[in-house]
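Structure record follows, encoded as C-alpha cells.
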Amino acid sequence: MTTLNRRFFLKASALSGGGLLLSSFIKVTDTRPPVVDKAEMQMVFNQLNGFVKITADNVIKIMSPNPEGGQGVKTSMPMIVAEELDVDFSKIIIEQADLDTKHFTRQFIGGSQAIHQGWKALRTAGATARQMLMEAAAKTWNVPLEEISTELGVLHHKKSNKSAKYGEMATAAAQIPVPKDVKLKSVKDFKIIGKSQRNVDLEKIVSGKPLFGIDTKVEGMKIAMIVHPPAMGLTFKVVQNELAIKKMKGIVAVFPIKVFNDDYEKTFFDTTQFNEVVAVIGNSTWEVMQAKKALKVEWKEAETYAEKRNMNGRKTTLNIPAGLESSTDHAKKFVEKMTQSANVRRKDGDIETAFTNAAKVIERTYNGPFLAHNCMEPMNFFAHVTDEKAELIGPLQKPEFTEQALSARLGMPLEKIDIKMTRLGGGFGRRSYAHWLIEAALISQQVKAPIKLIYTREDDMTAGIYRPAYAAKYRAALDADNNLIGFHVKVGGMPQSPLAPNRFPAGAVDNYLAEDFTIDTNLTVGSYRAPHSNFMAAAEQSFLDEVAETAGKDPIAFRLALLKRAKENPVGKNNDYDADRFTKVLELVREKSNWETTKSSKKLGFSAYFCHDSYAAHVLDLEMKDGIPIINKVFCAIDCGIVVNPNAAKNMAEGGIVDAIGAAMYGKITFTKGVPDANNFHNFRMIRHNEAPKAIDVFFVENTEDPTGMGEPAYPPVHAALANALYKATGKRLYQQPFNDYLQT
0 MTTLNRRFFL KASALSGGGL LLSSFIKVTD TRPPVVDKAE MQMVFNQLNG
50 FVKITADNVI KIMSPNPEGG QGVKTSMPMI VAEELDVDFS KIIIEQADLD
100 TKHFTRQFIG GSQAIHQGWK ALRTAGATAR QMLMEAAAKT WNVPLEEIST
150 ELGVLHHKKS NKSAKYGEMA TAAAQIPVPK DVKLKSVKDF KIIGKSQRNV
200 DLEKIVSGKP LFGIDTKVEG MKIAMIVHPP AMGLTFKVVQ NELAIKKMKG
250 IVAVFPIKVF NDDYEKTFFD TTQFNEVVAV IGNSTWEVMQ AKKALKVEWK
300 EAETYAEKRN MNGRKTTLNI PAGLESSTDH AKKFVEKMTQ SANVRRKDGD
350 IETAFTNAAK VIERTYNGPF LAHNCMEPMN FFAHVTDEKA ELIGPLQKPE
400 FTEQALSARL GMPLEKIDIK MTRLGGGFGR RSYAHWLIEA ALISQQVKAP
450 IKLIYTREDD MTAGIYRPAY AAKYRAALDA DNNLIGFHVK VGGMPQSPLA
500 PNRFPAGAVD NYLAEDFTID TNLTVGSYRA PHSNFMAAAE QSFLDEVAET
550 AGKDPIAFRL ALLKRAKENP VGKNNDYDAD RFTKVLELVR EKSNWETTKS
600 SKKLGFSAYF CHDSYAAHVL DLEMKDGIPI INKVFCAIDC GIVVNPNAAK
650 NMAEGGIVDA IGAAMYGKIT FTKGVPDANN FHNFRMIRHN EAPKAIDVFF
700 VENTEDPTGM GEPAYPPVHA ALANALYKAT GKRLYQQPFN DYLQT
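Residue numbering for the sequence shown follows numbering that gives the first Met the number 0, starting at 0 and increasing by one per position.
In C-alpha cells form, the structure reads like this:
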C-alpha cells in the first residue's frame, strides 16, 4: 500500500519532471501508433491528475513528464502510468507534458534518473486515477468499491453484470477527492512493464516530421546568430564594422549583448566565455551567415574570472586564472600536481606498509583529454519576448533551472515565461547549459520580434561546454602469492575531480587510499555523458586488467574474487555498490560471451563498472586488419533493476557503446593560446558507420529491484574493454586517449 495525502501526491506525482505540451491531438488506433487528427483539437479532457486525462468519449491521454532526448522516456514513462491505470497501451494518446513548476519538480534530463526517480510517482499516478474511476463507478452503480474491477480501460461489476468504459465515468471521477491510499500492482502482475513497446514518435522520426527545435518556424520570425570570442580568455571590446554589416542584404541588426549582468543571481553557467557576445540578425540563415563571416570584432584579454554560480544560485568564489591557455601547459600542470599532496578522500588500513612490504608494485598513469559533445542538432532556440510575456521553444535538458535564470536576467516574473520543450537532437549534458536560450531571449527583446537563434557547428565546438580533462595515477601492491594487498588512486581534473572514493575496488582491499586534486582553468566545462565515470572507468578497469595479468590471474576471475571479499567481509562501511548485484553482472557477461572457451582463441577485452545506480559489464571482441581495429562483437550485461521497455533499454546500451568507442578512439579537443584546435568534423574525428561493432548483444539481469539508470551506465566500461582488447591484439597497453593517436607509436 502507498499512503499519501493530497499535498504529498502533488509533490510525489511531479518527481519525474515536466516538458512541453505540444498541442498535437492524436487519433486512437488499435494497430499502430496514434497519428495527428486536427478534428480532435476541440476535445474536452477530464484531468484526473497531472498525468492522466480522459474524455467522455473514452479518449485516454497520458502525459510524459520528462523532456525526450532519444532515451525513450516519452514511451517508457507513460508505460508505467498505463500499467497501474490498467489500459490498452496501443489505444492511448501519449503527449509531452508542459513545463509546469507549480505541479512538477525535477524537470530535467540528467544523471540517468528519469525512470529511477519517477518510478513510484508514475505508478502512483496511474493507480490513483484508476482508484478514482473505480470510486466513481461504485458510487454511480451504488455498489461496494471492493466489488469493482478493471480490465483494459473498462470498469466491471460482475455481480450485476454492469460495465463501463473509463470515459463514461471520467467526469464523475474528476470530482472524486484524491485517494489517500492506493494499492500498487505486484511485479508478477505486470502486463505492460517489461514488454517491448515501439517508440511513440517513430513514425514522425522516420518520415522527417518536425519534432526538433531547429524545425521551429513562426510567421515573421528572424534568424539570429552569435559571434563568441575566438579564444577562451578573451572578452568583447568593440565591433569595428557595424555600419557595413547592417547594409548587407537581409540584415536587420548587429549589436553586442551582455548575457550576464551584475545582479544575475540564478544562473548555473560559468560567467566566462558567454558573458558578452555579438548578435547578428537577419531574414534568412544564409544572409546571417554571410554577415557573420564579414563581421570584424575587436576582443581583449579578460582580467579575471573569479566567480561562478551553481544551479541553486549560490555564488562560489574560484581562483580562475586569466590568460590564454594551451594544452601543453595543461599537461605540465597535471605532471606537477601528481608530485604534490592531494585531498585524501578515503583511507583504509596501512597503505604505506602495504607498499613497503609488497613483492610486486604496479604503477601506471592515465590521461583523458577535453571532449566536445557534438550533438547532431546544433544549439538553437526560438524566442519571442514582449513587455507582457516571453515565449521560448526549443531543445533543453533543464528547463526549470533555465526558466529561473531567464526570469532573473529579463526581470520578468516566472508566470510570464513559457518555455516549451521540443525533442532534443542529442543532449549528453551539453543542453544543460542553456546560455544560448538566454542569448535568444535578449536578442528578441532588443529587436522586438520573434527570432530563432542557431549556432553553427563551429560555434558549438569552439565556444561550447567541454568534458573536463583528467589524469589519474594508480598503484597496486601484490604479495608473494600475487594477492592484492594495497590499492592507491590519485586523480585530478581540470577543473573538476572525477573521483568516487567509495566505488569498487574500495571495500575489497585491506589497504586502500583514494585522493584527488583539481586544476583551475578558464575553459568552460560541464556535464558529459556519464560525468566523471566516463574517465574513471576507463583508467581503473584498464589498470585492473594489467594488475590481473601481473598476478597471473584471469581478468574476470580476479574481479570476482575481489567482489567475493567485498560481499563476505567488506572493508569499511561506506561502499557505494552492492557486491552481489555486481557479481551477477560479471557472471552473466562471462556466460553469454563464452569467455572461458574463447578467450584464448579471440582477442577479448573485459571491463565492468557501477555508476548511476546500475551495473554494467562488457566483453569486446576485435581483430586487427592492416593495423586497423575491427570490432566484431560487444557482449553487454546490465543490472538496471526492472526493465520497463526492453527495446528502449537495449537501444540506450547500443547507442552508449557505439558513442563510447568513438570517443575512446578519436575524441580530443586541444587548445593553443585559448583557441580550440578543432572546430568541425573534419578535424574532430567522429566514429563512422563502418567502425561501429558488427554486432552488440545486450543482456539484462532479471530481478525485481526498482528501475535504475540506463542512459549512461553502459558508456563508461566501453573504453577499458576496448583498450584491453587492443592490448590482446597488439601487445600494446594504452594509457592516453584517444587511442588512435597512440596505437601506431
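Yeah, the Cβ is synthetic: ideal placement off N, Cα and C, and Gly gets one too. All values derive from a computational prediction rather than experimental measurement.
Simplified DSSP state of residue i, which is helix, strand or coil
{"i": "Asp638", "result": "strand"}
{"i": "Thr729", "result": "helix"}
{"i": "Glu548", "result": "helix"}
{"i": "Val186", "result": "helix"}
{"i": "Val287", "result": "helix"}
{"i": "Glu324", "result": "coil"}
{"i": "Thr30", "result": "Unreliable positioning characterises Thr30 in this predicted model, as indicated by a pLDDT of 37, which lies under 50. The coordinate reading is nonetheless provided below. In this structure, Thr30 counts as coil in the three-state DSSP scheme."}
{"i": "Leu803", "result": "Since the first residue shown for the chain is 0 and the last is 744, residue 803 is missing from the structure and cannot be characterised."}
{"i": "Thr421", "result": "coil"}
{"i": "Asp36", "result": "For Asp36, the predicted model reports a pLDDT of 48, less than 50, meaning its position is unreliable and no value from the coordinates is stated."}
{"i": "Ser75", "result": "helix"}
{"i": "Ala536", "result": "helix"}
{"i": "Met0", "result": "Low local confidence applies: a pLDDT of 33 at Met0 is under 50, so the model's placement there is unreliable, with the coordinate-based value given in what follows. Residue state, collapsed to three classes: coil."}
{"i": "Gln95", "result": "strand"}
{"i": "Asp180", "result": "strand"}
{"i": "His329", "result": "helix"}
{"i": "Tyr165", "result": "helix"}
{"i": "Gly655", "result": "helix"}
{"i": "Ser406", "result": "helix"}
{"i": "Val296", "result": "strand"}
{"i": "Thr744", "result": "coil"}
{"i": "Glu362", "result": "strand"}
{"i": "Val584", "result": "helix"}
{"i": "Ser613", "result": "strand"}
{"i": "Gly117", "result": "helix"}
{"i": "Gly125", "result": "helix"}
{"i": "Thr517", "result": "strand"}
{"i": "Asn650", "result": "helix"}
6 angstroms Cβ shell around residue i - same chain, five flanking residues per side excluded
{"i": "Val642", "result": "Ala648 and Phe699"}
{"i": "Glu362", "result": "Arg474"}
{"i": "Asn282", "result": "Gly249"}
{"i": "Ala252", "result": "Ile280 and Val446"}
{"i": "Leu151", "result": "Asp87"}
{"i": "Thr30", "result": "Unreliable placement is indicated for Thr30, whose pLDDT of 37 sits below 50; no coordinate value is reported for it."}
{"i": "Ile91", "result": "Ile59 and Ile61"}
Which residues DSSP lists as bridging residue i, in chain order
{"i": "Pro255", "result": "Val277"}
{"i": "Lys602", "result": "Leu621"}
{"i": "Tyr511", "result": "Asp347 and Phe486"}
{"i": "Leu370", "result": "Arg466"}
{"i": "Ser63", "result": "Gln95"}
{"i": "Glu590", "result": "DSSP lists no partner for Glu590."}
{"i": "Leu395", "result": "DSSP output for Leu395 lists no bridge partner at all."}
{"i": "Ala81", "result": "BP columns for Ala81 are empty, so no partner."}
{"i": "Thr338", "result": "Looking at the DSSP assignment, Thr338 forms no beta bridge with any residue, so it has no partner."}
Neighbourhood of residue i by C-beta, 8 angstroms cutoff - its chain only, sequence neighbours within 5 removed
{"i": "Ser162", "result": "Val153, Leu154, His155 and His156"}
{"i": "Val584", "result": "Ala607, Tyr614, Ala615, Ala616, Ala636, Ile637, Asp638 and Val700"}
{"i": "Gly219", "result": "Ala448 and Pro449"}
{"i": "Met460", "result": "Ala371, Asn373, Ile668, Pro675, Ala677, Asn678, Asn679 and Phe683"}
{"i": "Gln743", "result": "Gly626"}
{"i": "Lys566", "result": "Ala578, Asp579 and Thr582"}
{"i": "Leu733", "result": "Ser541, Ala722, Leu725, Tyr726, Tyr741 and Leu742"}
Residue i beta carbon near the ligand SAH (any heavy atom closer than 8 angstroms)
{"i": "Glu145", "result": "No copy of the ligand SAH appears in this structure; indeed no ligand is present at all."}
Close-in-space but distant-in-sequence residues of the same chain around residue i (CB under 7 angstroms, 5 per side omitted)
{"i": "Glu83", "result": "Arg122, Gly125, Ala126, Arg129, Leu183 and Lys184"}
{"i": "Ala659", "result": "Tyr714, Val717 and His718"}
Can we say the stretch 534-549 touches the stretch 506-514, given the rule of at least three CB pairs closer than 8 angstroms? no
Quick one: any contact between the stretch 589-603 and the stretch 724-731, if contact means 3 or more CB pairs under 8 angstroms? yes
At least three beta-carbon pairs within less than 8 angstroms, the stretch 395-414 to the stretch 490-497: no
Touch check for the stretch 521-532 and the stretch 421-431: three-plus C-beta pairs under 8 angstroms? yes
Report yes or no: do three or more beta-carbon pairs, one from the stretch 436-456 and one from the stretch 343-353, lie closer than 8 angstroms? no
Unbroken beta strand (DSSP E) runs of length 3 or more, entirely within the stretch 677-738: which are they? 694-699
Please determine if the stretch 171-182 and the stretch 118-137 are in contact, where contact requires at least 3 C-beta pairs separated by less than 8 angstroms. yes
Tell me the start and end of each unbroken beta strand (DSSP E) in the stretch 432-484 that is at least 3 residues and wholly inside, in chain order. 450-453 and 468-477
With contact counted as at least three CB pairs below 8 angstroms, one residue from each stretch, are the stretch 196-208 and the stretch 67-74 in contact? yes
Run through the stretch 183-256 for me and flag every whole alpha helix (DSSP H) of 4 or more residues, listed as ranges in chain order. 201-205 and 241-245
Specify whether the stretch 388-407 and the stretch 163-176 touch according to this definition: at least 3 beta carbon pairs, one from each stretch, less than 8 angstroms apart. no
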